[in-house]
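J.:
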Amino acid sequence: MTASTDPTLPPNPFMDVQQNAFRRGVDKATKAAALGGVLLTITILIIVFVVLIHGSWMALRQIGWHFFTTQAWNPVPGRDQYGVLSFLYGTGITTFLALLIGVPLSIGTAIFITRIAPRWLAGPVSFLVELLAAIPSIAYGLWGCFVMSPWLQNYLEPVLYDTLKHIKIIPVGKYPSGRIEFFPANLVHGGPSGSDFLAGGLILTIMILPIITAITRDVLQQFPQEIEHGAYGLGATWWQTTRLALAYCRAGIFGAVMLGMARAIGETMAVIMVIGNTDHISASLFAGGQTMSGVLANEFMEADHPIYLSAMFYVALVLMLSSLVTNVIARALLSRIDRERQTA
Amino acid sequence: MNADAIKPEPNPFAGRSPGRRWISRGVMVLCTLCTAIALAVLFVVLAYMGIRGIEYMTPAFFTNLPLQSPEGMRNCIIGTIILVGLASVLGVPIGMLCGIYMAEYAGKGWFTYAAQLVMDLLAGTPTILLGVIAWQLVVVPLHQQSGWSGALALAFIMVPIVARASEEMLRLVPHPHREASAGLGASKAQTLFRVILPAAKAGITTGIMLGIARVAGETAPLLFTALGNDQAVYNPSQPYPSLTLKIWQYSQSAEPAWRHQAWTAVLVLVTMVLLFTAAVRFTVRGKKVNVI
Numbered sequence: 269m270t271a272s273t274d275p276t277l278p279p280n281p282f283m284d285v286q287q288n289a290f291r292r293g294v295d296k297a298t299k300a301a302a303l304g305g306v307l308l309t310i311t312i313l314i315i316v317f318v319v320l321i322h323g324s325w326m327a328l329r330q331i332g333w334h335f336f337t338t339q340a341w342n343p344v345p346g347r348d349q350y351g352v353l354s355f356l357y358g359t360g361i362t363t364f365l366a367l368l369i370g371v372p373l374s375i376g377t378a379i380f381i382t383r384i385a386p387r388w389l390a391g392p393v394s395f396l397v398e399l400l401a402a403i404p405s406i407a408y409g410l411w412g413c414f415v416m417s418p419w420l421q422n423y424l425e426p427v428l429y430d431t432l433k434h435i436k437i438i439p440v441g442k443y444p445s446g447r448i449e450f451f452p453a454n455l456v457h458g459g460p461s462g463s464d465f466l467a468g469g470l471i472l473t474i475m476i477l478p479i480i481t482a483i484t485r486d487v488l489q490q491f492p493q494e495i496e497h498g499a500y501g502l503g504a505t506w507w508q509t510t511r512l513a514l515a516y517c518r519a520g521i522f523g524a525v526m527l528g529m530a531r532a533i534g535e536t537m538a539v540i541m542v543i544g545n546t547d548h549i550s551a552s553l554f555a556g557g558q559t560m561s562g563v564l565a566n567e568f569m570e571a572d573h574p575i576y577l578s579a580m581f582y583v584a585l586v587l588m589l590s591s592l593v594t595n596v597i598a599r600a601l602l603s604r605i606d607r608e609r610q611t612a
Numbered sequence: 484m485n486a487d488a489i490k491p492e493p494n495p496f497a498g499r500s501p502g503r504r505w506i507s508r509g510v511m512v513l514c515t516l517c518t519a520i521a522l523a524v525l526f527v528v529l530a531y532m533g534i535r536g537i538e539y540m541t542p543a544f545f546t547n548l549p550l551q552s553p554e555g556m557r558n559c560i561i562g563t564i565i566l567v568g569l570a571s572v573l574g575v576p577i578g579m580l581c582g583i584y585m586a587e588y589a590g591k592g593w594f595t596y597a598a599q600l601v602m603d604l605l606a607g608t609p610t611i612l613l614g615v616i617a618w619q620l621v622v623v624p625l626h627q628q629s630g631w632s633g634a635l636a637l638a639f640i641m642v643p644i645v646a647r648a649s650e651e652m653l654r655l656v657p658h659p660h661r662e663a664s665a666g667l668g669a670s671k672a673q674t675l676f677r678v679i680l681p682a683a684k685a686g687i688t689t690g691i692m693l694g695i696a697r698v699a700g701e702t703a704p705l706l707f708t709a710l711g712n713d714q715a716v717y718n719p720s721q722p723y724p725s726l727t728l729k730i731w732q733y734s735q736s737a738e739p740a741w742r743h744q745a746w747t748a749v750l751v752l753v754t755m756v757l758l759f760t761a762a763v764r765f766t767v768r769g770k771k772v773n774v775i
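Chains L and S, in that order, give the protein sequences. Numbered according to this note's numbering, the first sequence spans residues 269 to 612. Numbered according to this note's numbering, the second sequence spans residues 484 to 775.
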């Protein structure tokens with residue numbers, strides 16, 4: 269191979285290294301390092317599971333499935349009783365409330381950004397919604413605790429009480445010492461405190477809104493123009509066309525909702541600052557409660573004897589598995605969208 | 484051709500509901516209302532943080548320690564910056580290596596699929612659990628809460644964020660660049676270090692900034708690891724001061740002066756985080772980057 273004879277051409281920057289063995293060595297080392305990074309990351313996730321299962325082993329052996337049927341949480345040595353039920357309920361009900369309010373809001377906002385707003389408005393609105401996602405959860409917590417909770421207590425909850433006080437939710441049970449007692453419970457019961465399931469649900473609503481909005485927006489932008497033009501050509505109204513878009517993108521939107529749900533399940537600080545931190549199961553929106561991540565944040569450091577600590581790890585394991593299942597479903601739905609985008 | 488064979492389908496849209504135009508307008512208004520609510524919430528949250536934070540802000544906040552009089556949070560601000568720096572030193576290289584592998588080396592096999600899934604799952608793991616893991620791995624063997632354990636927990640959070648950002652930024656480098664480089668006789672590694680990485684430099688930097696902005700606001704993973712410190716202790720083998728932990732501690736107290744400090748601290752924290760995020764947004768405008 270001869271070098272370029274034209275002196276006006278710049279020299280080939282890659283011709284300075286002629287030691288092929290060395291070059292191959294660098295090549296292999298680079299690839300090995302990159303692969304090493306991936307393997308290390310996989311190891312981190314494996315370590316997460318090993319540590320959680322190892323830590324909860326004692327509780328898994330001694331408590332087993334009763335963990336899911338016991339409401340009592342009594343960490344006094346000698347009278348130990350551990351059940352995840354009330355925390356599972358707290359996580360579930362706050363997540364449910366957040367999705368109930370947050371999903372319509374987010375999808376509406378995403379539709380506004382992609383299908384209503386003119387271009388000059390869509391960008392800034394998108395940007396502002398994403399700023400909501402960047403605010404740390406401790407900041408939401410402080411705002412929730414000192415601004416939202418008092419407002420709920422003084423203004424919203426009295427109004428809600430007057431409107432909803434006759435609604436009863438029957439089958440939510442109370443599980444004292446393993447015996448199941450059902451009692452009719454009101455949807456709103458007791459005095460408004462501002463630190464309750466409703467507050468937890470509302471703060472989570474704010475936190476999942478930007479995630480669901482951003483992903484739904486991205487998914488809706490994939491709706492093919494041809495279908496849209498065809499629908500308009502057949503005389504469809506804007507809403508009829510939008511419904512086609514929602515139906516076309518339903519897998520992706522469901523994935524977005526699941527991702528929001530995963531965020532709500534794992535959220536810790538903002539929720540513990542407004543939820544009241546008591547281990548109750550109550551149908552009332554005005555009752556205080558606790559979530560799985562909340563009990564970890566509040567009690568993990570206080571776990572002073574082995575079974576208590578092991579039970580804390582058990583809670584962590586249940587939290588990890590709930591979050592894992594939600595994330596896997598979300599990713600499966602969203603990666604299908606990505607693949608379609610790549611092949612298109 | 485038989486006339487029956489081309490019987491047109493009925494138009495699914497026209498004429499079925501007489502009020503459909505009004506419904507359409509109504510839904511448009513509803514969607515606009517949803518956006519207005521979302522933006523109003525953002526405005527209210529930021530307005531409270533701004534007003535309360537500035538109201539209670541004093542010069543002492545930036546110069547004094549928590550137990551001095553007047554009180555300040557100098558050590559917490561510095562502590563958070565150092566913690567995030569340590570976490571970056573641990574997390575950024577691993578994240579970038581993952582991103583490089585996924586963008587440049589990964590094939591279409593099961594391993595790529597598994598690696599992608601693992602990174603997504605790690606990104607979705609509740610951060611408090613990563614605090615529990617760091618506690619078990621570092622605090623238990625050393626019998627003491629420390630800055631190292633906090634930095635490790637934060638690094639776990641950074642890895643998937645930096646990995647995804649680098650991967651996306653490397654994919655944005657046009658394929659012909661790689662082909663041209665190979666055509667000049669460059670090896671894969673030379674192409675990577677001298678063509679692809681320089682071209683994606685700005686994007687990867689913003690990805691790292693995104694990771695930094697994200698972990699700077701984390702509280703839950705530090706609860707059992709960094710623990711917090713009222714003194715100006717910056718040795719990472721000691722319990723470590725952190726702005727977010729101090730906000731959490733002060734928000735739980737009944738002392739008004741401490742609550743006021745918490746508001747100021749939140750303003751400082753949110754300003755730092757939002758400036759970072761906004762900078763990222765403006766640098767990579769027009770490109771596709773997942774901020775969330």
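Note that CB positions come from ideal geometry on N, CA and C, so glycine has one too.
(1) Can you pull the chain L residues whose beta carbon is under 9 Å from the beta carbon of Cys-581 of chain S, in chain order?
(2) Quick check on Ala-745 of chain S: buried or exposed, where buried means 16 or more other Cβ atoms within 10 Å of its Cβ?
(3) For the alpha helix (DSSP H) that Asn-422 of chain L lies in, which residues bound it at each end?
(4) Identify which residue in L:Thr-509, L:Leu-353 and L:Ile-476 has its Cα closest to the Cα of Met-526 of chain L.
(5) Near Val-316 of chain L, which residues of its chain fall below 8 Å by C-beta distance, leaving aside the five closest residues on each side in sequence?
(6) Excluding the 5 residues preceding and the 5 following Glu-701 of chain S in the sequence, name in chain order all residues of the same chain whose CB lies nearer than 7 Å to its CB.
(7) Name, please, each residue of chain L whose Cβ falls closer than 8 Å to the Cβ of Asn-494 of chain S.
(8) Using 8 Å as the threshold, is the C-beta distance between Glu-535 of chain L and Leu-472 of chain L below it?
(9) For the stretch 561-585 of chain L, enumerate the residues whose C-beta is nearer than 7 Å to any C-beta of chain S, in chain order.
(10) For Gly-633 of chain S, does the three-state DSSP call read helix, strand or coil?
(11) For Met-475 of chain L, would you say it is in contact with chain S, using Cβ-to-Cβ distances shorter than 8 Å as the test?
(12) Using the Cα positions of Gly-409 of chain L and Trp-631 of chain S, report the straight-line distance between them to the nearest angstrom.
(13) Grab me the residues of Ser-591 of chain L's own chain with a C-beta within less than 7 Å of its C-beta, minus the 5 sequence neighbours each way, in chain order.
(14) For Arg-599 of chain L and Asp-713 of chain S, which I take to be in contact (beta-carbon distance under 8 Å), what is that distance rounded to the nearest angstrom?
(15) Hey, which unbroken runs of the alpha helix (DSSP H) at 4 residues or more fall wholly within the stretch 522-549 of chain L?
(16) Pull up the DSSP beta-bridge partners for Trp-341 of chain L, would you.
(17) Can the beta-carbon of Leu-710 of chain S be found less than 8 Å from the beta-carbon of Gln-599 of chain S?
(18) Between Met-326 of chain L and the rest of its own chain, which residues show a CB-CB distance below 7 Å, the 5 nearest in sequence each way excluded?
(19) For a contact meaning CB atoms closer than 7 Å, what does Tyr-584 of chain S contact in chain L?
(20) From the beta carbon of Gln-558 of chain L, is the nearest beta carbon of chain S less than 8 Å away?
(21) Kindly say whether Phe-707 of chain S, judged by its beta-carbon, lies nearer than 8 Å to any beta-carbon of chain L.
(22) I need the straight-line Cα distance from Leu-525 of chain S to Ile-474 of chain L, nearest angstrom please.
(23) Specify, as a first and last residue, the run of the alpha helix (DSSP H) that Phe-544 of chain S falls within.
(24) Strictly under 8 Å for the Cβ-Cβ distance: is Pro-760 of chain S near chain L by that measure?
(25) Taking 8 Å as the threshold (C-beta atoms), are Trp-618 of chain S and Thr-708 of chain S in contact?
(26) In this structure, how does DSSP classify Asn-288 of chain L when only helix, strand and coil are distinguished?
(27) So the candidates are L:Phe-581, L:Val-352, L:Gly-304 and L:Tyr-582; which of them puts its Cα closest to the Cα of Gln-558 of chain L?
(28) Are the stretch 738-752 of chain S and the stretch 537-548 of chain S touching, with three or more C-beta to C-beta distances below 8 Å?
(29) Over the uninterrupted alpha helix (DSSP H) stretch that includes Tyr-717 of chain S, give me the two end residues.
(30) Distance, Cα to Cα, Gly-346 of chain L vs Leu-625 of chain S?
(31) May I have the straight-line CA-CA distance separating Ser-507 of chain S from Thr-382 of chain L, to the nearest angstrom?
(32) As a quick exercise: from S:Ser-670, S:Val-510 and S:Ile-520, pick the residue whose alpha carbon is nearest that of Ile-384 of chain L.
(33) Going along chain S, which residues have a C-beta under 8 Å from Gln-508 of chain L?
T.: Result, derived from the coordinates:
(1) Ala-302, Gly-305, Val-306, Leu-308 and Thr-309
(2) buried
(3) First-last for Asn-422 of chain L: undefined, no H or E at that position.
(4) L:Ile-476
(5) Met-588
(6) Thr-610, Leu-637, Ile-640 and Thr-727
(7) Leu-502 and Gly-503
(8) yes
(9) Ser-561, Leu-564, Ala-565, Phe-568, Met-569 and Ala-584
(10) helix
(11) no
(12) 26 Å
(13) Ala-530, Ile-533 and Gly-534
(14) Contact doesn't hold; Cβ gap of about 42 Å is too wide.
(15) 537-540
(16) L:Tyr-350
(17) no
(18) Pro-574, Ile-575 and Ser-578
(19) Ala-302, Leu-303, Gly-305 and Val-306
(20) no
(21) yes
(22) 9 Å
(23) 542-546
(24) With the sequence shown as reference, residue 760 of chain S is identified as Thr, and Pro is not the correct amino acid for it. By this cut-off, Thr-760 of chain S is an interface position.
(25) yes
(26) helix
(27) L:Val-352
(28) yes
(29) Run containing Tyr-717 of chain S: none; DSSP gives neither H nor E here.
(30) 29 Å
(31) 16 Å
(32) S:Val-510
(33) Phe-496, Arg-503 and Ser-507
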